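Residue numbers (my numbering): 5 to 573. Take a look at the structure below.
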């Protein structure tokens with residue numbers, strides 16, 4: 005190896021702040037710890053969230069709508085807090101220290117939740133008529149939940165980017181590995197989720213909530229240990245100061261210069277003299293693009309700028325800084341198309357469970373499967389499709405598309421959007437058959453009608469397949485298209501689609517309930533689903549998904565990729 009081949013060229017450093025040595029750091033040997041940490045953290049998260057609806061109904065005495073809205077609002081928050089974590093990671097702490105510090109908050113939250121479910125005084129008193137939570141007890145539960153939401157905010161946006169940082173994208177060999185890292189990363193999330201939705205849900209329903217929340221708390225502590233034990237192998241990207249300030253500077257500068265003409269010759273625009281590195285630490289230069297020309301005004305040098313001698317960052321920005329903002333604006337329409345997909349995805353933890361509650365949950369004469377546990381089929385579907393995608397679909401697609409990744413990320417996400425429509429159609433179809441059965445045999449008041457819950461498997465399977473295409477494609481796309489110094493921010497942005505999808509779902513349910521219960525009607529989603537029309541709700545989501553897909557096609561067609569020049573020293 006030549007002297008300069010020993011070190012990475014993407015600007016990463018090791019724990020001692022020296023340039024990262026390719027042989028001693030990064031790659032799969034560092035990722036083992038990151039994947040292990042992610043697997044335990046997701047086990048903890050899903051271990052408490054999968055069955056949260058039931059906990060709120062049983063222990064905190066909430067009804068169908070209140071419990072399901074509490075859960076969607078809370079999980080929505082879990083996907084918005086990553087913006088805080090990402091901001092800290094990109095601007096000041098770096099990804100490693102952000103993950104480390106927020107993990108500790110997370111462990112506190114899990115411990116408090118376990119105590120709220122098991123310590124006398126903190127746990128609601130229950131008798132034959134049900135549970136009677138006091139205000140303080142409900143408050144303790146929600147305080148724990150929102151501590152966890154904050155903790156997960158520091159981990160979620162950083163872990164996938166931190167893992168991808170372990171591969172040098174200026175190196176041909178490592179760049180190929182990075183693409184399959186995202187597949188295996190999603191795979192390990194689902195291993196954690198699978199254990200959670202099978203073993204842990206069963207423990208909560210049959211052994212007790214204290215144990216059911218205690219095991220995830222221990223899993224989280226294990227995750228922290230896992231993460232720290234890989235420290236000497238990690239490659240770290242240096243934090244580059246606040247990305248939000250840089251975005252604001254471009255907007256302010258462009259507005260201040262709204263009267264200035266942009267020169268025809270783009271090489272006259274302001275950029276630092278150094279060939280490759282931009283002025284922003286940890287970021288390569290970006291080439292000028294011809295879209296969104298108004299923003300170019302921020303990098304036009306005027307007489308005024310030259311006279312000052314000292315450059316004012318709020319009136320003159322480099323081309324790279326302007327392109328950073330442009331690449332975010334270009335990502336937004338792609339980002340927005342993920343929101344409807346996430347609303348479909350969130351049905352898995354709400355409407356699918358409520359639909360399952362009305363069906364026959366027996367396996368054999370005595371064993372009952374909790375309806376929330378069926379999400380294990382979504383997980384199994386992901387565990388099946390992720391390796392199949394990596395090992396079969398990509399090599400096959402490569403032959404036709406000549407793309408080293410098989411499909412472009414935009415194609416991959418589009419395929420997932422189509423598959424998600426099938427999931428809603430199957431769920432709606434099942435509900436039509438179920439309601440027909442209820443009507444035919446007059447089973448309106450029967451809690452579990454004699455129709456096996458396993459008829460729900462196809463709808464979960466389709467969602468899992470759609471996830472492998474859309475969510476993994478989205479993760480990789482946002483990492484690739486993000487400016488170097490804003491990767492955590494962009495990962496957080498791609499997570500907010502899940503949060504907003506949850507909120508959208510809550511909004512649709514609220515509107516549907518309002519409209520369909522007018523004039524004293526029971527509505528589409530009453531407490532007794534046998535008297536409702538849940539199928540209409542699924543059709544509505546299917547139609548939204550189809551519309552969303554066509555909008556997405558237009559967006560994807562007009563998308564321009566970012567172009568980085570050279571490498572970092």
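The C-beta atom is built at its ideal place from N, Cα and C for all residues, glycine as well. For clarity, every value in this text was computed on a predicted model and none was experimentally measured.
Item	Value
Indicate the three-state DSSP secondary structure (helix, strand or coil) for residue 135 in the structure shown.	strand
To which residues does DSSP link residue 371 through a beta bridge?	367
At the level of alpha carbons, what is the spacing between residue 315 and residue 298?	21 Å
Using 9 Å as the threshold, is the C-beta distance between residue 14 and residue 173 below it?	yes
Which one of 181, 334, 133, 548 has the shortest CA to CA distance from residue 394?	181
Whose C-alpha, out of 406, 485, 241, is nearest the C-alpha of residue 30?	241
Quick check on the DSSP output: what are the complete alpha helix (DSSP H) runs of length 4 or more inside the segment 47-91, in order along the chain?	56-62, 68-84
Name the two residues that bound the continuous beta strand (DSSP E) containing residue 114.	First-last for residue 114: 98-122, but that is the alpha helix (DSSP H), not the beta strand (DSSP E).
Does the segment 414-422 come into contact with the segment 551-570, if we say contact requires no fewer than three beta-carbon pairs (one atom in each stretch) closer than 8 Å?	yes
For a test of the three-state rule: what should DSSP assign to residue 1, helix, strand or coil?	Residue 1 lies beyond the range of the chain shown here (5 to 573); nothing can be said about it.
Output the distance between the C-alpha atoms of residue 42 and residue 259, rounded to the nearest integer angstrom.	43 Å
According to DSSP, simplified to helix, strand and coil, what is residue 238?	coil
Using a Cβ-Cβ cutoff of less than 7 Å, which residues in the same chain neighbour residue 74 once the five nearest sequence positions on both sides are dropped?	60, 66
Please work out which residues of its chain come closer than 7 Å, Cβ to Cβ, to residue 343, disregarding the five sequence neighbours upstream and downstream, and give them in chain order.	501, 504, 505, 508
How many Å lie between residue 188 and residue 466 at the Cα?	20 Å
Would you give the residue range spanned by the alpha helix (DSSP H) that residue 453 belongs to?	Where residue 453 is concerned, there is no enclosing alpha helix (DSSP H), although the beta strand (DSSP E) it sits in stretches over 453-456.
Given that a residue counts as buried once 16 or more other Cβ atoms are within 10 Å of its Cβ, and exposed if not, what is residue 168?	buried
Could you spell out where the alpha helix (DSSP H) holding residue 484 opens and where it closes?	461-485
Which full runs of the alpha helix (DSSP H) of 4+ residues lie inside the segment 376-416, going along the chain?	379-392, 398-405
Since residue 25 sits in a beta bridge, which residues does DSSP pair it with?	11
Can you grab the Cα-Cα spacing for the pair residue 392 / residue 410, in whole Å?	13 Å
Give the DSSP-derived three-state secondary structure of residue 5 in the structure shown.	With a pLDDT of 49 at residue 5, under the threshold of 50, the modelled position of this residue cannot be trusted, and the question is left open.
Using the Cβ count rule (16 or more neighbours within 10 Å means buried), how would you classify residue 166?	buried
Taking all protein chains shown into account, decide if residue 268 is buried (16 or more other Cβ within 10 angstroms of its Cβ) or exposed.	exposed
Between the C-alpha atoms of residue 459 and residue 372, what's the straight-line distance to the nearest angstrom?	15 Å
Can you have a look at residue 124 and say buried or exposed, based on whether 16 or more other CB atoms are within 10 angstroms of its CB?	exposed
To the nearest angstrom, how far is it from the Cα of residue 275 to the Cα of residue 327?	11 Å
When you compare the CB of residue 294 with every CB in chain D, is at least one pair closer than 9 Å?	The structure shown has no chain D; it contains just one protein chain.
Tell me which residues share the same chain as residue 208 and place their Cβ nearer than 7 Å to its Cβ, disregarding the 5 neighbours each side in the sequence.	55, 216
Apply the 10 Å Cβ neighbour rule to residue 138 and answer buried if 16 or more other Cβ atoms are within range, or exposed otherwise.	exposed
List the endpoints of the continuous alpha helix (DSSP H) containing residue 250.	247-260
Can at least three beta-carbon pairs, one atom from the segment 521-536 and one from the segment 440-450, be found at a separation below 8 Å?	yes
May I ask you to report which of helix, strand or coil DSSP gives residue 288?	strand
Less than 9 Å between the beta carbons of residue 485 and residue 406, yes or no?	no
Please state whether DSSP places residue 20 in a helix, a strand or coil.	coil
Helix, strand or coil for residue 330 per DSSP?	helix
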